[in-house]
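To start, the structure under review is shown below, and the notes come after it.
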Amino acid sequence: MAVDERNFRSAYYEKVGFKSVEEKKSLEILLKEKTLDRVKLKQFCLRFSVPSVYRNLVWKVLLDIIPPHVNCHPFVMDQRRQECKNMIHSLHVMRVVDSTMSKPQLMYAMYLLQTKKLRFSVNLRVENGFTQIVQSLQQFFEDDADLYWLAKCLYANTQRFKQDIPKLIEATNALLEKEDSTLYKHLKKCEIINDFLIERWFDSSFAGLLKETALARIWDKLCGGSCSILVFVVIILLTNQRHKLLRCTDSRNAMECISNLPEETAEIIANKAIEMWQQHGSPLTVHDKPKPANT
1 MAVDERNFRS AYYEKVGFKS VEEKKSLEIL LKEKTLDRVK LKQFCLRFSV
51 PSVYRNLVWK VLLDIIPPHV NCHPFVMDQR RQECKNMIHS LHVMRVVDST
101 MSKPQLMYAM YLLQTKKLRF SVNLRVENGF TQIVQSLQQF FEDDADLYWL
151 AKCLYANTQR FKQDIPKLIE ATNALLEKED STLYKHLKKC EIINDFLIER
201 WFDSSFAGLL KETALARIWD KLCGGSCSIL VFVVIILLTN QRHKLLRCTD
251 SRNAMECISN LPEETAEIIA NKAIEMWQQH GSPLTVHDKP KPANT
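Going by UniProt numbering, 17 is the number at position 17 of the sequence shown; the sequence numbering is gapless.
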């Protein structure tokens, strides 16, 4: 009876967004090792949501910003901070950035410089997937070095599954038609949700669309190696707002309906998307050997 009660409580806490003591303790045990096990940390991210107090460390290890060897963390992060300072200095010397730029815009310029994609013709003030990710991450991380490297590597994650996007979009359309054919036909008939829009959502991993607390739980799965979680976020997002979308006749009205969703609604979408992803066998696209953060 005690086992049943514990399982019931664990399931209840999971639904309302709280982690069980057992899950937190299991992560703490993993993080006490002198050499962190990336495979086990990935598995944790795929099975559970990472407690916010440990998210910075776990994401940085999984995204290869810092190595698994704990003793090296201070030195490596000092080097990362120095690299950020050097990039900012270079951008100011080249007069690519100035004091009027927002932090997301500055960091986008840093990203372009570091990846050798910086061109003087690039408009740094136009919002894009990278700047949206920075904007969302600002709610969690105050250290600018942490903010830049996490944004850079999360965005690089989305770029690594670019070749899978056509298949992900195809899977999204097929699953939406199966789950809610009426909504699917209406969206297609009125050209409300198209492949280009879905690709934009994938490019930013829903930053700027869902509130940050919900995003973090989705991004746990991305850091764990599953890009297919994004498919289920689209499905739940659209079906959750179906009553509004069925009244829309163009994409502009539709975007107004699904933008600025309340935090509670975003949490419901994240919870149901993860649940649906799990029901479909938690399909994975795992990158066992992440690219180094400085490439």
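Virtual Cβ for every residue (Gly too), placed ideally from N, Cα, C.
Keep in mind that this is a model prediction, so the values were computed, not measured.
Checklist entry - When you compare each of Cys248, Ile269, Arg125 to Arg217 by their alpha carbons, which one comes out closest? => result Ile269
Next on the checklist: At the level of alpha carbons, what is the spacing between His287 and Val39?
Outcome noted: With a pLDDT of only 39 at His287, under the threshold of 50, the placement of this residue in the model should not be trusted; the figure read from the coordinates follows. Distance between the alpha carbons of His287 and Val39: 11 angstroms.
Checklist entry - Got a sec: is the Cβ-Cβ distance from Phe232 to anything in chain B below 8 angstroms? => result Among the protein chains of the structure shown there is no chain B, as only one such chain exists.
Checklist entry - With DSSP run on the structure shown, which of helix, strand or coil describes His69? => result strand
Checklist entry - According to DSSP, is Leu210 helix, strand or coil? => result strand
Next on the checklist: Measuring CB atoms only, is the region 197 to 208 touching the region 22 to 40, in the sense that at least three cross pairs come out at less than 8 angstroms?
Outcome noted: No: fewer than three Cβ pairs fall under 8 angstroms.
Checklist entry - Can you list the alpha helix (DSSP H) stretches of 4 or more residues lying completely in the region 155 to 212, in chain order? => result 165 to 179, 181 to 189, 195 to 204
Checklist entry - Are the CB atoms of Cys223 and Leu63 nearer to each other than 8 angstroms? => result yes
Next on the checklist: On a Cα-Cα basis, can you pick out the residue from Val50, Pro166, Leu210 that is closest to Asn194?
Outcome noted: Pro166
Checklist entry - Under 8 angstroms, do Val231 and Leu168 count as touching if we go by C-beta distance? => result yes
Next on the checklist: With a threshold of 8 angstroms on Cβ separation, who are the neighbours of Ser282 within its own chain once the five nearest residues in sequence on each side are excluded?
Outcome noted: Contacts found: Leu46, Ser226.
Checklist entry - How many Å lie between Phe75 and Phe140 at the Cα? => result Whole-angstrom Cα-Cα distance: 23 angstroms.
Item to check | Three-state class that DSSP yields for Gln279 in the structure shown | outcome: Correct three-state label for Gln279: helix.
Checklist entry - Out of Leu183, Glu177, Lys60, which has the shortest C-alpha to C-alpha gap to residue 352? => result Coverage of the chain is limited to positions 1 through 295, which leaves residue 352 absent and any answer about it impossible.
Checklist entry - By a C-beta neighbour count over all protein chains shown, 10 Å radius and 16 as the cutoff for buried, is Thr182 buried or exposed? => result Exposed, by the Cβ-count rule.
Next on the checklist: So if DSSP puts Thr35 in a beta bridge, which residue, or which two residues, is it bridged to?
Outcome noted: In the DSSP output, where bridge partners are listed per residue, Thr35 has His69.
Checklist entry - Are there 16 or more other CB atoms within 10 angstroms of the CB of Phe130, so buried, or fewer, so exposed? => result buried
Next on the checklist: Along the chain, where does the alpha helix (DSSP H) containing Pro262 start, and where does it finish?
Outcome noted: Pro262 -> no alpha helix (DSSP H), and no H or E assigned at all.
Checklist entry - Taking the runs of the alpha helix (DSSP H) that are 4 residues or longer, which of them lie wholly in the region 91 to 163? => result 103 to 114, 129 to 137, 144 to 160
Checklist entry - Looking at C-alpha atoms only, which residue of Lys244, Leu154, Leu215, Arg55 is the closest neighbour of Ile274? => result Leu215
Item to check | Glu264 burial status per 10 Å Cβ neighbour count (16 or more: buried) | outcome: Glu264 counts as exposed, since fewer than 16 other beta carbons sit within 10 angstroms of its beta carbon.
Checklist entry - Do Ser251 and Ile192 have their CB atoms nearer than 8 angstroms? => result yes
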